[in-house]
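What the sequence shown shows, in numbering that gives the first Met the number 0, is residues 0 to 471, in sequence order.
In this text, a Cβ means the ideal position worked out from N, Cα and C, and glycines have one as well.
Notes to accompany the following structure.
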Amino acid sequence: MSDERYDVTVIGGGPGGYVAAIRAAQLGLKVALVEKENLGGVCLNWGCVPTKSLLRNAEVISLLGRGKDFGFRLEGFQADYGVAVDRSRQVSERLVKGVSVLMRENGIEVVEGTGTLQGGGSGGAGTLQVAVALKAGGGRTLATRNVILATGGRARSVPGIVPDGERVLTYREAIVLRDLPSSAVIVGAGPIGMEFAQVWQSYGCQVTVVEMLPRALPLEDEEVSAVVARNFKRQKIKLLTDTRLEGLEMTDGGVRVRVTNKKGEQILEAERVLVAIGIQPNSDNLGLDAAGVRVERGFVPVDDEMRTNVPGVYAIGDVTGKLALAHVASAQGIVAAECIAGAETRRLDYEAMPRCTYCQPQVASFGLSEAQAAERGHTFKVGKFFFLANGKALALDDRDGFVKILAEVNSGEILGAHMVGPEVTELLPELVLARTWELTPEEIARAVHAHPTLSEALMEAAHGVFGKAIHA
Ligand code: FAD
0 MSDERYDVTV
10 IGGGPGGYVA
20 AIRAAQLGLK
30 VALVEKENLG
40 GVCLNWGCVP
50 TKSLLRNAEV
60 ISLLGRGKDF
70 GFRLEGFQAD
80 YGVAVDRSRQ
90 VSERLVKGVS
100 VLMRENGIEV
110 VEGTGTLQGG
120 GSGGAGTLQV
130 AVALKAGGGR
140 TLATRNVILA
150 TGGRARSVPG
160 IVPDGERVLT
170 YREAIVLRDL
180 PSSAVIVGAG
190 PIGMEFAQVW
200 QSYGCQVTVV
210 EMLPRALPLE
220 DEEVSAVVAR
230 NFKRQKIKLL
240 TDTRLEGLEM
250 TDGGVRVRVT
260 NKKGEQILEA
270 ERVLVAIGIQ
280 PNSDNLGLDA
290 AGVRVERGFV
300 PVDDEMRTNV
310 PGVYAIGDVT
320 GKLALAHVAS
330 AQGIVAAECI
340 AGAETRRLDY
350 EAMPRCTYCQ
360 PQVASFGLSE
370 AQAAERGHTF
380 KVGKFFFLAN
390 GKALALDDRD
400 GFVKILAEVN
410 SGEILGAHMV
420 GPEVTELLPE
430 LVLARTWELT
440 PEEIARAVHA
450 HPTLSEALME
460 AAHGVFGKAI
470 HA
């Protein structure tokens, strides 16, 4: 039996789904949101937010570890990892509750259960149906004019290796693990692997990161990766790049990890293994086949307005296979809701999407790397400024890294920015804003930046595009 009819039914309450639901409600639409687990999705519960909370602990430990330089002595210092995890859970819970309040305040009906798109347009012209297996038992069918698929993704596993959740973990188990292992192998040197490596090593776990590609954070600028690798080495995190995971074997105390690289085969012994090689989309068991929604390698392709091939069915977030980032999911959600409501919207420029990794030093970037800009035939200049020459960075005793801006010579268009160093994730939005509204490096350079701030490095790098940095 169908109950009342909605304008939009969102399946999945992560940063894609809940943001889409809010924007749709703001635009006057009647909205239902179906969530099978927790509002906030991976981001608030198991991903972005709890990792940042743990990273904050890691940062404090690192600062205390340099206490001598600041002239303070700590005797009998102890760091309890379990408390760090508890704090991260509290932060997550607080935000999840906040989303629940937002749902209520925006008049969005949250339906707790697993949603499936019903095939065959059985609801009549212009009507779709979403069947919900309710958490509380029983079922319900929602008749709706539009559906937004926002079901996200889950950890991708290495073929032939099935994480058991105890000794071989994915982020899902790792994020709530209170008993830190004494040693760990982390497979994958992308943002997730690197952030866990940072946290665990800071609490005394001996971490080895294994990466198949030639460098850590392989999608970032090469020089950025080099700065991060150098810092990880300093922190005694072992990075094995160009190294392939061949197999795992359980031992009495943990796991024996077999890897190969140009030196041949190597056996790594560790208490736990974390597999962090990316995500796979949650597009199975969603009724997409029967409803005729096209799926490619598991992802749901969408156009600029987040439409799938089936009228009235939209998709956003990790399930679309664009960029598996929370803010991208949210931005897509806003576009989808606006398109459904017939409101004005703005096409997303995926290349301009900010990408951040919150290890120490932090990494932040968007747009093209120098190699990509050259490949595409751009004539460009690079402005680069090192934090070593930035007063605030020195005052913070956090001076490794740089800001690099790439700009097209004739138009001044900002093609990309690559940063590594203190708080660069907080500095990036200025450059994203500049790119979005087509400001040139000259205009950034002419905007007076307060002194002393880390943001002066942006101004200097912008001056540097014309070879006119003041402090370089
Ligand atoms: P999700 O957040 O995955 O939410 C999907 C929701 O749909 C889930 O709640 C799920 O329960 C629900 N669902 C699935 N199927 C159904 C169904 N059939 N019926 C009902 N509900 C369903 N991104 C960043 O931008 N910054 C970061 O710092 C960052 N850190 C991360 C750290 C880790 C450890 C991980 C794993 C990810 C991180 N990410 C980060 C990525 C980010 O979490 C995802 O890109 C983001 O959560 C995707 O949002 P989404 O809405 O598409 O899906």
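Would you grab the beta carbon distance between residue i and residue j for me? Rounded to a whole angstrom, and I think it's under 8 Å.
i: Gly-466; j: Lys-383; result: Not really, about 11 Å apart at Cβ, beyond 8 Å.
i: Ser-91; j: Pro-49; result: 5 Å
i: Leu-141; j: Ala-228; result: About 50 Å separates the two Cβ atoms, so there is no contact after all.
i: Phe-379; j: Val-419; result: Not really, about 20 Å apart at Cβ, beyond 8 Å.
i: Leu-367; j: Leu-405; result: 6 Å
i: Asn-477; j: Gly-152; result: Because the chain spans 0 through 471 in this model, residue 477 falls outside it and cannot be assessed.
i: Arg-144; j: Ile-333; result: The Cβ separation is near 19 Å, so there is no contact.
i: Ala-269; j: Ser-182; result: 4 Å
i: Met-193; j: Cys-358; result: 5 Å
Could you tell me the distance, in whole angstroms, from the CA atom of residue i to the CA atom of residue j?
i: Ile-266; j: Ala-416; result: 39 Å
i: Thr-307; j: Gly-114; result: 18 Å
i: Ala-394; j: Pro-14; result: 36 Å
i: Lys-51; j: Tyr-80; result: 14 Å
i: Ala-446; j: Met-458; result: 8 Å
i: Pro-180; j: Asp-251; result: 14 Å
i: Leu-453; j: Glu-222; result: 20 Å
i: Phe-195; j: Gly-277; result: 14 Å
i: Phe-386; j: Glu-369; result: 20 Å
i: Ala-225; j: Ala-449; result: 30 Å
i: Val-161; j: Gly-253; result: 15 Å
i: Gln-311; j: Leu-273; result: Correcting the residue type first, residue 311 is Gly in the shown sequence and not Gln. Computed Cα separation, rounded: 39 Å.
i: Gly-112; j: Lys-29; result: 19 Å
i: Cys-204; j: Gly-159; result: 27 Å
i: Leu-176; j: Ala-372; result: 42 Å
Hey, could you find the ends of the beta strand (DSSP E) residue i is sitting in?
i: Gln-361; result: 361-366
i: Pro-190; result: Looking at the DSSP string, Pro-190 is not in any beta strand (DSSP E); the run it does join, the alpha helix (DSSP H), is 190-201.
i: Phe-69; result: Run containing Phe-69: none in the beta strand (DSSP E); it sits in the alpha helix (DSSP H), 66-69.
i: Gln-89; result: Where Gln-89 is concerned, there is no enclosing beta strand (DSSP E), although the alpha helix (DSSP H) it sits in stretches over 80-104.
i: Asn-260; result: 254-260
i: Val-381; result: 379-385
i: Pro-440; result: Segment 440-445 is the alpha helix (DSSP H) holding Pro-440; no beta strand (DSSP E) there.
i: Glu-343; result: Counting along the chain, Glu-343 falls outside any beta strand (DSSP E), and DSSP gives it neither H nor E.
i: Thr-115; result: 108-116
What are the partner residues of residue i, as DSSP defines its beta bridges?
i: Cys-355; result: Ala-363
i: Ala-142; result: Arg-4 and Gln-128
i: Lys-237; result: Thr-207
i: Ile-10; result: Val-33 and Leu-148
i: Ala-183; result: Val-206 and Arg-271
i: His-417; result: Ser-364 and Lys-403
i: Tyr-313; result: Ile-147 and Arg-306
Looking at the secondary structure, which residues open and close the alpha helix (DSSP H) in which residue i lies?
i: Lys-391; result: 390-395
i: Met-305; result: Where Met-305 is concerned, there is no enclosing alpha helix (DSSP H), given that its DSSP letter is neither H nor E.
Is residue i near ligand 2, in the sense that its beta carbon is under 7 Å from a heavy atom of that ligand?
i: Ile-443; result: You won't find ligand 2 in this model; what it holds is ligand 1.
Could you tell me whether the segment 137-151 touches the segment 171-179, where touching means 3 or more Cβ pairs closer than 8 Å?
no
With three or more C-beta pairs closer than 8 Å as the rule, is the segment 400-414 touching the segment 323-339?
no
Taking 8 Å as the cut-off, does the segment 213-224 touch the segment 295-314 (at least 3 CB pairs, one atom from each stretch)?
no
Evaluate contact between the segment 188-195 and the segment 59-73, counting only Cβ atoms and requiring at least three cross-stretch pairs below 8 Å.
no
Taking one C-beta from the segment 161-170 and one from the segment 71-85 each time, how about it: are there three or more such pairs within less than 8 Å?
no
With three or more C-beta pairs closer than 8 Å as the rule, is the segment 347-354 touching the segment 431-448?
yes
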